[in-house]
Structures are given as structure tokens and as C-alpha cells.
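>
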Amino acid sequence: MAEGARPALGLSIGATNLAAVTADHSITRKPVLTLYRQRPPEVGVPSENPRLDEPGLVITEFVDRVGDPVGIVAADGSMHRSEALVADGLRALAYTATGGHALPENVTVTYPAHWGSAAVDALGAALSRVAEWSNRARPLTLIPDAAAALIAARANPGIPARGVVAVCDFGGSGTSITLVDAAAEYQPLAGTVRHHDFSGGLIDQALLTYVMGELPNTGAFDPAGTSAIGSLARLRAECRAAKEQLSSSTVTTLSELPQAHGGIRITRTELDDVMHDSLNNFMLVLEEMLARNAIRAADLAAVVSVGGGANIPAVTTMLSGHFRIPVVTAPRPQLTAAIGGALRAARGPADASATRLTPAPAAAGASKASAARQAGVDHARAPLPAREAYQHAHGAAPASVMQPALAWSEADDASRAVPSGDGSGLTSARPQLTFERESTPGSNAAKPKQPILPWYRLPAVIIISTAVAVVLVGAAVAIGLSSDNKPTAPSPGVSSTPAPAPSGAPPASNGEVPAPAPASQQPTSPPSPTDTSPPPATTAETPPASSAVPPASSAVPQAPVTQQQAPAPISPPAVPAIPQIPGLPQIPGINAPGLTPPGAVSLPAIAGLKASVRH
Numbered sequence: 000m001a002e003g004a005r006p007a008l009g010l011s012i013g014a015t016n017l018a019a020v021t022a023d024h025s026i027t028r029k030p031v032l033t034l035y036r037q038r039p040p041e042v043g044v045p046s047e048n049p050r051l052d053e054p055g056l057v058i059t060e061f062v063d064r065v066g067d068p069v070g071i072v073a074a075d076g077s078m079h080r081s082e083a084l085v086a087d088g089l090r091a092l093a094y095t096a097t098g099g100h101a102l103p104e105n106v107t108v109t110y111p112a113h114w115g116s117a118a119v120d121a122l123g124a125a126l127s128r129v130a131e132w133s134n135r136a137r138p139l140t141l142i143p144d145a146a147a148a149l150i151a152a153r154a155n156p157g158i159p160a161r162g163v164v165a166v167c168d169f170g171g172s173g174t175s176i177t178l179v180d181a182a183a184e185y186q187p188l189a190g191t192v193r194h195h196d197f198s199g200g201l202i203d204q205a206l207l208t209y210v211m212g213e214l215p216n217t218g219a220f221d222p223a224g225t226s227a228i229g230s231l232a233r234l235r236a237e238c239r240a241a242k243e244q245l246s247s248s249t250v251t252t253l254s255e256l257p258q259a260h261g262g263i264r265i266t267r268t269e270l271d272d273v274m275h276d277s278l279n280n281f282m283l284v285l286e287e288m289l290a291r292n293a294i295r296a297a298d299l300a301a302v303v304s305v306g307g308g309a310n311i312p313a314v315t316t317m318l319s320g321h322f323r324i325p326v327v328t329a330p331r332p333q334l335t336a337a338i339g340g341a342l343r344a345a346r347g348p349a350d351a352s353a354t355r356l357t358p359a360p361a362a363a364g365a366s367k368a369s370a371a372r373q374a375g376v377d378h379a380r381a382p383l384p385a386r387e388a389y390q391h392a393h394g395a396a397p398a399s400v401m402q403p404a405l406a407w408s409e410a411d412d413a414s415r416a417v418p419s420g421d422g423s424g425l426t427s428a429r430p431q432l433t434f435e436r437e438s439t440p441g442s443n444a445a446k447p448k449q450p451i452l453p454w455y456r457l458p459a460v461i462i463i464s465t466a467v468a469v470v471l472v473g474a475a476v477a478i479g480l481s482s483d484n485k486p487t488a489p490s491p492g493v494s495s496t497p498a499p500a501p502s503g504a505p506p507a508s509n510g511e512v513p514a515p516a517p518a519s520q521q522p523t524s525p526p527s528p529t530d531t532s533p534p535p536a537t538t539a540e541t542p543p544a545s546s547a548v549p550p551a552s553s554a555v556p557q558a559p560v561t562q563q564q565a566p567a568p569i570s571p572p573a574v575p576a577i578p579q580i581p582g583l584p585q586i587p588g589i590n591a592p593g594l595t596p597p598g599a600v601s602l603p604a605i606a607g608l609k610a611s612v613r614h
């Protein structure tokens, strides 16, 4: 370790993992605490903590109940406060990270950014009762995990120095969204939003449901039976391990499954399909949060993804493709908050107020007084608004105080642009963008550009368009009024043919019927003394029975008026002539005069019948 380096320890609290980071070591444990009568408590499960070699009192699910006035009842009936269990677990984790040696004096604890002030005050009071952290000369530092994540991301791989940055913490029980302003020292723009519908636990459950559907249905395995509880628990653990393996590989196999000899093969594509809908809903929640705070999508400069869920490639791909911005992910996103806490502890406070931090972004004012006011935790002694907590968390500290052994913190703190080349933290799924450099005090600050109005919104164009519209409307009204005042006298250049008088009798004796005049009148030249030839006539056959001819009406000259041609009368169809019936031949012996057989009809009677039929 370099001379003058400051030993530091960063601890982070999560619903599914507790993490600790030192200068040369990092460790994670499940939030499971085992209490012993004859020795200090141990944190974790037997598979990750070899010191759990004897039975004890096991307590779980206490992280999300910090600040709850109702304690947790253990298996032996004892009552325990959740914040006290968290403090004991962090102490055990800190000694594990240091290998059992004395704890460093500079310690920073990060808590979930969505916690309220009551939960953080209760945690601070519980930590102050730990003997190692009750020294007021070097008090414990409490900061939100979103602020710690920004510290780590600025060091490696780097984030934009302008615009809005969204910090998305993909945890095991939910996802937290925090919006900060990069140009204002990464101060929060709104309270942290907690989205419970996208989490690591729900992804594990969805993958378990998918695997259960792929199992052969032979009837020997009943998921609803009590004997299958152990099998389902092991299968769920297998699904969680498969999800983690698919973050770095494209295919994996689930082994030791009931009725599945050889295991079940799962690909990354199948995992993406399982979580597609819930991830899409999360992006809609992020869009709604931006709209609620009057932030345009174009103002979003980058997304910083932290937490275990940030290892899933589909998360980075969908976020980058949906918002068209870079998604910055640290090399070990599940340790980002703890790394940021260690960086904060290693830098030390720039001034006396640098460690006076308060949580609860929702409570912008001073937090309530609590028992932690007498404790050794700085944030409880001098509470500040959440905005100042973020500002002090990123306070200027010289880069020379960084330890050379901190490989994840060798980047210069003043360099906020995303570095080019390998190790930038960007994948091929992220678009390559170049960020503007922050202007120095000596350089000319860029003046804000006035928005350019489109041509159709210019005042001159609007005035001219209005005047033209008024002129057109006036012209249309004038034309309409002038057309209404014109006389209805017919034009001298239009001729019409008078309609013939209606008559039930057929037309003239020559059998010619004039064709009806066309409906539309065409303008003609002025009348001349010469007569025009009549239109071609249509010849129709008249019945032979009618011989009367109506008297022809003399044409009376009339003034040229506009008339409508009346339809021509429809003549009844002619009845065809009945052919002559030939006479009956003479039959010998029957047609002899004076001989009439019974029932026979005489020829004169038949002839009379034929004559009646003709008429």
C-alpha cells in the first residue's frame, strides 16, 4: 500500500445481498443472520460462509423491515428489531472482509435510496450502538446507494458531465430509479421511484414457471403436493443459477430435475422472452417518470445500470435501443454501491460538512428528531436535505488520496467523459456517442441558443396568410351576391323545341315519331331566316285496327323560351295477326249431307266458330 494511503471500507445494504469492499478484497453475503449464545453472530448461508459450523438461531427477511416499530419474532419466541439485525450483519461482514483484523476508521454504509427518513434514522441509531462505530472522532458515513453508484461510475467507466442521468438499480426485490442533473454536481431532480414489477426474484419465478411447463407430464410429479416442496426449492435455485450463467454464456442446462433425464437446455433467447414483458413495462415507468418531471427524452444523457440485474444483456440492449442513449455499467454492477462507498470513505471529507448526509429523497426538509441525535453517526447529528447529501457525496477531493491498490478507482475523478478504447464499460449494444467537454472558467462559456422557429410560425408569414385568406373570402362573397341579382330571362342564344301535345292516339299518319330532344341545352348562334333540318325520326309500326288520324295542329310561332322536353307518349304494342286455320278435309261417310253421327259437330258450326275466333 502506498505511503499516506487511507484505509477504507465500503458496506452496502440490499434486500438480497449485503456487500463489503476494501482496498484489495470484496465479499457478498445473503441477508441471513445466525445468532449464537457464546460467540458473535454470523451472516450468510452455509454454502458461502464456512464459519457456520454449528446450529444457531436463524433470522431472515429483516432488511425490508428496517424502521418497522414491530419487531421480528424468532423461532424461539424472542423479539428482535430489524435495524439491530442489519447492524449486527454489517459488523460481521466487515470483519469477514478484513480477515478478522481491526476495522478501518473510514467506513461508509450505503442504504437503499427509496428508504424513508424513519428507516434511515433507525438504521443510524442502531449502527451507533455498535462499539466499533460509536467513536465520534471518526463517525460513520451514511449515503444513498444511488449517490455511491454515481461516485463509482464517475471513476470507472465514466459518465456524461451534462444532461440528465438516470440511475437504475436492478435489485432482487425491485428496481429503483433516480434522476440526477449532471451539470449541477449530480443533484437529484426528484425522489427515487421504486418499481416492484421487475426484479431478480420475479425473473427467477418466471423462469421456474417456464421450466415447469417444459417438464414431461407423466403424472408422477405433483407440484401441489407437500413432497414436492423440496424439489421446487432446488429447482428454483437451479433457475437462479441458470439466469446468472446466461449473463455470460448463451446456453445452459438445468440438472437434477424431476422426470427430466439429462436435464433441460435453456438458451439466452428463452430467458429474454420470459422477461420481455416485465422489462418493457419498466421502460414505460421510466418514460412516465421523465414526463412527470417535465424532462424530455432528448435531455436524458445516459443510464447508469447497477445491481445484479444489470448483468443481464437484455437489460442493456433494450434500454439502449429504446432511449438511444449509452447505458453505463460498471464491471461488477452488484458491487457498485459498495465500491462507491469505499471511494467516499477513502477520499475523506473535504470540509466539516462533507459527512453530514441525510437520506429520504421524499423528505426534502429536515428529518425528524430521533434517538440517533445522540449517536455517533454524522447524518443524525446534523441533518441536511437530500439534495445536499448528493452534493456532499460528490464533493471535490484530490485524486492523490486514492490508494494505488484500488484498481477500480485509478481513473481520475475530474475526467467525467466516457473513455474511448477497451475497458470503457460499453458493449456493442450501446450506441457510440461523444459527450461535450465541460467548459473551464477561462474558456468562453457557450451562450444558450435561441430556439429556431419554423418558417410557418414566423409573424410575417402568419400576417400575410391571414390577409390572403380575408381577400379570398371577400371575393367569394362578392361573386355569390352578384350571381343572385342577375335576371332570370333566357339567353337569346339558347333555342328549345316545344314539346308535342300529349295524345293517346298514335302520331301522324306517316308513322314517324320524333325523337325526344336532349336534356341539356347547348348555346347556338342567333336565329337565322333559314330553317334547320329536324332531327332524325324513328319509325314505328302502328296497329292495323286503328285507322283514325288525329288532326295535325298548326305550329304557332312563339318567342324563344327555355322549356323542358316532355317525354314522348308510349304507344301500346301491336297485336300480331292470327293465322288462318285451314279447312277440314272431306271424310267419306261422315261429311255426307244429311248424316250426322251422335255427338258430332256440323261443319257450318265449325266454320262459325272459326269466324268468331278471328274477330
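Numbered as in numbering that gives the first Met the number 0, the sequence shown ends at 614 without a single skipped number.
We treat Cβ as the ideally placed atom computed from N, Cα and C, and that holds for glycine.
Just to confirm, is the Cβ distance from I150 to L17 under 8 Å?
Taking the sequence shown and counting its residues from 1, the one referred to as residue 150 is at position 151. Taking the sequence shown and counting its residues from 1, the one referred to as residue 17 is at position 18. No, Cβ-Cβ distance for I150 and L17 is not below 8 Å.
> Would you kindly work out how many angstroms separate the C-alpha atoms of G66 and A112, rounded to a whole number?
Here residue 66 corresponds to residue number 67 of the sequence shown, with the count starting at 1. Here residue 112 corresponds to residue number 113 of the sequence shown, with the count starting at 1. Cα-Cα distance, rounded: 14 Å.
> Are L283 and L299 touching if we call contact CB-CB under 8 Å?
Numbered from its first residue, the sequence shown carries residue 283 at position 284. Numbered from its first residue, the sequence shown carries residue 299 at position 300. No. Outside cutoff.
> Are the CB atoms of D87 and G306 within a distance shorter than 8 Å?
Position 307 of the sequence shown, counted from the first residue, corresponds to residue 306. Position 88 of the sequence shown, counted from the first residue, corresponds to residue 87. In this structure, D87 does not lie closer than 8 Å to G306 by Cβ.
> Measuring alpha carbon to alpha carbon, tell me which of T252, V62, S198 ends up nearest S109.
Along the sequence shown, read from residue 1 onward, the residue named residue 109 stands at position 110. Strictly speaking, residue 109 in this sequence is Thr, with Ser absent from that position. Checking every option, the nearest Cα to that of T109 belongs to V62.
> Can you list, in chain order, the residues of its chain with a C-beta nearer than 7 Å to that of A91? Leave out the 5 residues immediately preceding and following it.
Here residue 91 corresponds to residue number 92 of the sequence shown, with the count starting at 1. Counting only Cβ-Cβ distances below 7 Å, and skipping sequence neighbours, we find P39, P40, E41, V42.
> Is Y110 helix, strand or coil when you go by DSSP?
As a working mapping, residue 110 is identified with position 111 in the sequence shown. If DSSP states are grouped into helix, strand and coil, Y110 belongs with the strands.
> Can you tell me where the alpha helix (DSSP H) with V284 in it begins and where it stops?
Counting from 1 along the sequence shown, the entry for residue 284 is found at position 285. Counting along the chain, the alpha helix (DSSP H) containing V284 begins and ends at 267-291.
> Do you know offhand how far T27's Cα is from D144's?
Here residue 27 refers to the residue found at position 28 of the sequence shown. Here residue 144 refers to the residue found at position 145 of the sequence shown. If I take the Cα positions, the gap works out to 16 Å.
> What residue ranges within the segment 85-147 form continuous alpha helix (DSSP H) runs of no fewer than 4 residues, ordered along the chain?
Listed in chain order, they are 116-127.
> Spatial neighbours of P543 within its chain, please: C-beta separation below 7 Å, excluding the five flanking residues on both sides.
Start at 1 with the first residue of the sequence shown, and residue 543 comes out as number 544. Model confidence at P543 stands at a pLDDT of 47, short of 50, so the residue's coordinates are unreliable and nothing is read from them.
> So what's P187 in DSSP terms, helix, strand or just coil?
Position 188 of the sequence shown, counted from the first residue, corresponds to residue 187. Three-state result, P187: strand.
> Return the CA-CA distance between T268 and A293, expressed in angstroms with no decimal places.
As a working note, residue 268 is residue 269 in the sequence shown. As a working note, residue 293 is residue 294 in the sequence shown. Approximately 36 Å, taken between the alpha carbons.
> Using a Cβ-Cβ cut-off of 8 Å (strictly less than) and excluding sequence neighbours within five positions of L51, which residues of its own chain qualify?
As a first step, residue 51 is located in the sequence shown; it is residue number 52 there, counting from the start. Contacts found: T33, E41, G43, V44, P45.
> Along the beta strand (DSSP E) that carries L56, what are the first and last residues, could you check?
Reading the sequence shown from its first residue, position 57 is the one you call residue 56. Looking at the DSSP string, the run of the beta strand (DSSP E) that includes L56 is 56-58.
> How long is the line joining the alpha carbons of A313 and S319, rounded to whole angstroms?
The residue labelled residue 313 in the question sits at position 314 within the sequence shown. The residue labelled residue 319 in the question sits at position 320 within the sequence shown. Those two C-alpha atoms are separated by around 10 Å.
> What is the residue span of the beta strand (DSSP E) that R193 lies within?
By 1-based counting over the sequence shown, the position of residue 193 is 194. Run containing R193: 192-194, per the beta strand (DSSP E) assignment.
> When DSSP labels each residue in this structure, what does S81 get in the three-state scheme?
Counting from one through the sequence shown, the residue named residue 81 turns up at place 82. Three-state DSSP puts S81 in a helix.
> Where does P497 fall in DSSP's three states?
Working through the sequence shown from its first residue, we reach residue 497 at position 498. Only weak support exists for where P497 lies, its pLDDT of 49 falling under 50; the value from the coordinates is given anyway. In this structure, P497 counts as coil in the three-state DSSP scheme.
> For D271, which residues in the same chain have their Cβ closer than 6 Å to its Cβ, ignoring the five residues on either side in sequence?
On the sequence shown, position 272 is the one that residue 271 refers to. These residues qualify, in order along the chain: A313.
> So, under 8 Å CB-CB, L188 and D180 are touching, yes? Tell me the CB distance rounded to an integer number of Å.
The residue given as residue 188 occupies position 189 in the sequence shown. The residue given as residue 180 occupies position 181 in the sequence shown. L188 to D180, Cβ: 6 Å. Contact.
> Could you tell me the boundaries of the alpha helix (DSSP H) in which D168 lies?
Stepping through the sequence shown from its first residue, residue 168 is reached at position 169. Element bounds for D168: not the alpha helix (DSSP H) but the beta strand (DSSP E), 163-169.
> For S304, which option in L285, R64, R295, A296 has the closest C-alpha, if you only look at C-alpha atoms?
Position 305 of the sequence shown, counted from the first residue, corresponds to residue 304. When only C-alpha atoms are compared, the closest one is L285.
> My output table needs one value for A7: the three-state DSSP class, helix, strand or coil.
If you number the sequence shown from 1, residue 7 lands on position 8. Here A7 sits in strand by DSSP.
> Quick check on D63: does DSSP put it in helix, strand or coil?
As a position in the sequence shown, residue 63 is number 64, starting the count at 1. It is helical.
> Less than 8 Å between the CB atoms is what I'm expecting for V20 and G13, so what's the real figure, rounded?
For the purposes of this step, residue 20 is taken as the residue at position 21 of the sequence shown. For the purposes of this step, residue 13 is taken as the residue at position 14 of the sequence shown. Wrong, their Cβ atoms sit about 13 Å apart, outside the cutoff.
> Assign M78 to buried or exposed, taking buried as 16 or more other Cβ atoms, counted over all protein chains shown, within 10 Å of its Cβ.
Reading the sequence shown from its first residue, position 79 is the one you call residue 78. Exposed is the call here.
> Quick one: grab the DSSP three-state call for R331.
Within the sequence shown, the letter at position 332 stands for residue 331. In the structure shown, R331 sits in coil (DSSP, three-state: anything other than H, G, I, E or B).
> Whose CA, out of D75, P68, G212, A74, lies closest to the CA of A83?
Counting from one through the sequence shown, the residue named residue 83 turns up at place 84. When only C-alpha atoms are compared, the closest one is P68.
> What residues are listed by DSSP as bridge partners for S175?
The residue labelled residue 175 in the question sits at position 176 within the sequence shown. Answer is D168, R193, bridged to S175.
> Would you mind sorting D377 into buried or exposed? The rule is 16 or more other CB atoms within 10 Å of its CB.
Locating residue 377 in the sequence shown gives position 378, counting from the first residue. At D377 the pLDDT is 45, less than 50, meaning the model places this residue with poor confidence and gives no usable figure here.
> Over what stretch of residues does the beta strand (DSSP E) that includes V20 continue unbroken?
As a position in the sequence shown, residue 20 is number 21, starting the count at 1. Start and end: 17-20.
> Using C-beta distances below 6 Å, list every residue in its chain close to G339, excluding the 5 sequence neighbours before and after it, in chain order.
Start at 1 with the first residue of the sequence shown, and residue 339 comes out as number 340. For G339, where only same-chain residues beyond five positions count, the Cβ hits under 6 Å are A147, A148, I150, A151.
> On the DSSP letters alone, give me the boundaries of the alpha helix (DSSP H) that V314 sits inside.
Here residue 314 refers to the residue found at position 315 of the sequence shown. Unbroken alpha helix (DSSP H) run through V314: 312-322.
> Where A309 and K29 are concerned, what is the direct C-alpha to C-alpha distance, given to the nearest angstrom?
In the sequence shown, counting from the first residue as 1, residue 309 sits at position 310. In the sequence shown, counting from the first residue as 1, residue 29 sits at position 30. Whole-angstrom Cα-Cα distance: 19 Å.
> Any idea what DSSP makes of I158, helix, strand or coil?
In the sequence shown, residue 158 corresponds to position 159, counting from 1. Three-state result, I158: coil.
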